[in-house]
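The structure appears right after this line, and notes come after that.
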Amino acid sequence: MTLGRAVARAITRSVENPAVPLTSTSLLNWMTGASSDAGVPVSELTALHMPAVWRSVSLISSVSAALPLHSYRESTRARTTPRLLRDPHPELTAYELWRLSYVHRVLWGNAYLQKVRNRAGEVVELWPIRPDRVQVDRVRPTDALPGGKIFQVTDDQGRQHPLTSREVLHIPGLGYDGVCGVSPIRAAAQGVGLALAAEKSGAKFFGQGAMLSGVLQTEQRLNPDQAEVLKRQWKAKHSGAEAAYDIAVLDSGASFQPITMPFRDAQFLESRRFQVVEVARMFGVPLFLLMETEKSTSWGTGLEQQALGFVQFDLHPVWLVPTEQRITKELIWPTAPEDYAEYNVEGLLRGDSKARAEFYRVMREVGAMSANDIRGKENMPPIEGGDVYLQPLNMAPLGSDPNDQSEPDSTSSEGVDDDDDPDAGDS
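18 is the number of the first residue of the sequence shown in the working numbering; add one for each residue after it.
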């Protein structure tokens, strides 16, 4: 059985299944955007028109990609970062490549990177693939093909190329079938659609000139020409800087009725603000990072704790750990089974000099870091004698002399005066 036939016969319940006909409503929604009750089609690209979604995607992808990513030897914790992690693409930098992969995961729920191998079979490059061009399925193992995921990748000419996990690095997000992640935008299409509809409605409201300052009312019936003349006379006499605080004089029974903003009565602004909260809840981003601080503390310690919670409860477990383990499993273990990939979350402390200095001081005092270890983290060259690790004297083993590490001599107690023996009083 060929690879293409195996893919065609595979059946799953995923909307990304290649066996789903093009006339299917689910596949049509997947291609053009999920429908919402607000009347606005929502897709991964149109959702970026909402500023809160754009900010959330930019924040998660940029912060995650900016963290140092290294590989370490499990037994010694020695850094063994391969070149693939330092320079994974011939044109994109490592930051640009991983930022793009996080953008794909945040929007589509999946990130796909094609593995380019050398003649020895080692992965030397990673090329990003747009998730909307990939359909994923799973096939059972046969005599002709190994089991696993099958990726149908559509190129610019519309041709499909079946690839396997050996050729594609797939980092799925939160899902329910073990094959693909679910797009957060599709899952929250109603909330995003409501926000887009509110923004579109407000833009039309102002764009169509519906925001009138007031209405001139008269008991007389006016034809269009008379109405235009009355309006022109009103604007000529009562607009501009010279007419500020002036007294309006109306004749012919005319009266001026000011108009207040009707959207305020409909809680239009409040609904738009609530959609920002919904987007923050959907992506797990604190409101102050979305520039929404109306109901949030502005004190430094409060913001610091919120930022720390963002790293501990969202950024690290939701986005960083899946990337670490997938890189370890598919890119590092085939050539170095004892190594693993890990982000250095301490890089987030770079902007806080006081907290960073306190951390280094404690690690230096307990003997966990040397002076050169600290200088290396600050991108400073090592110094002579800086590899010495300090040991606190009050943490020596119980019953031992911190100043004398030699073995105790049994004959050394002879001739010791009882007054000098601390155990003499126990006999």
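Just so you know, even glycine gets a beta-carbon here, dropped at the ideal spot from N, CA and C.
Buried or exposed (CB count within 10 angstroms, at least 16 for buried), residue i
i    : result
W336 : buried
A374 : exposed
V338 : exposed
N361 : exposed
R122 : buried
Q152 : buried
V402 : Note on residue identity: the sequence assigns Gly, not Val, to residue 402. It counts as exposed.
K394 : buried
P179 : buried
S370 : exposed
A137 : exposed
N127 : buried
V445 : The structure shown has nothing for residue 445, since the chain only spans 18 to 444.
L325 : exposed
P99  : buried
T340 : buried
Q169 : buried
S379 : It is worth fixing the name first, because residue 379 is Val in this sequence and not Ser. Its Cβ having fewer than 16 others within 10 Å, V379 is exposed.
V185 : buried
T40  : Summary for T40: the model assigns pLDDT 44, below 50, so the residue's position carries little reliability; its value from the coordinates is reported in the next sentence. By the 10 Å Cβ count, T40 comes out exposed.
G175 : exposed
P241 : exposed
A220 : exposed
Beta-carbon contacts of residue i that lie in its chain and below 8 Å, excluding the five residues immediately before and after
i    : result
V120 : V74 and S78
R392 : P398, P399, I400 and G403
E91  : E355, D356 and Y357
W144 : H106, L130, Q131 and V133
R381 : S387, A388, I391 and L407
L84  : L337, Y360, N361, V362, G364 and L365
Same chain, Cβ closer than 7 Å to residue i, neighbours up to 5 away in sequence not counted
i    : result
V209 : V59, A64, M67, V70 and I202
R103 : A111
T171 : R150 and Q177
R116 : S78, S79 and A82
E309 : V293
Pick from the options that is closest to residue i, judged by C-alpha positions
i    : options                   : result
L407 : K394, E401 and A388       : A388
G195 : V80, E91, R94 and R155    : R155
K217 : T340, Q250, V57 and P241  : V57
D173 : H187, R147, V133 and G192 : R147
K2   : Q177, R176, R183 and L365 : Nothing can be reported for residue 2, as the shown portion of the chain is limited to 18 through 444.
L365 : L86, R72 and L62          : L86
L191 : E347, D331 and A353       : D331
P334 : L348, E359, A372 and T352 : E359
I349 : E113, A297 and V141       : V141
G301 : F291, V328, E309 and E61  : V328
L211 : S118, R290 and R94        : R290
R72  : M299, T93, H187 and L114  : M299
N135 : S118, L109, L101 and Q342 : L101
Residue i in three-state terms, based on DSSP
i    : result
T181 : strand
W71  : helix
T63  : helix
I349 : helix
Y193 : coil
T159 : coil
Y112 : helix
I391 : helix
P145 : strand
A128 : strand
D356 : strand
L186 : strand
I400 : coil
G432 : Per-residue confidence for G432 stands at a pLDDT of 47, beneath the threshold of 50, marking its modelled position as unreliable; no derived number is given.
G138 : coil
T171 : strand
G326 : helix
Q152 : strand
V246 : helix
V296 : helix
V133 : strand
Beta-carbon contacts of residue i that lie in its chain and below 6 Å, excluding the five residues immediately before and after
i    : result
G384 : Y406, L407 and Q408
T97  : S88, R90 and D356
Y377 : I391
A297 : L304 and L307
W125 : E61, P148 and S200
E321 : none
R343 : I188
heavy atom of the ligand FAD below 7 Å from residue i C-beta
i    : result
R290 : Of the ligands one can find in the structure shown there are none, so the ligand FAD has no counterpart to examine.
- Message: If we require 4 or more residues per run, which alpha helix (DSSP H) segments fall completely within the region 198-223?
- Response: 201-204
- Entirely within the region 81-107 and at least 4 residues each: give me those alpha helix (DSSP H) ranges in chain order. 100-103
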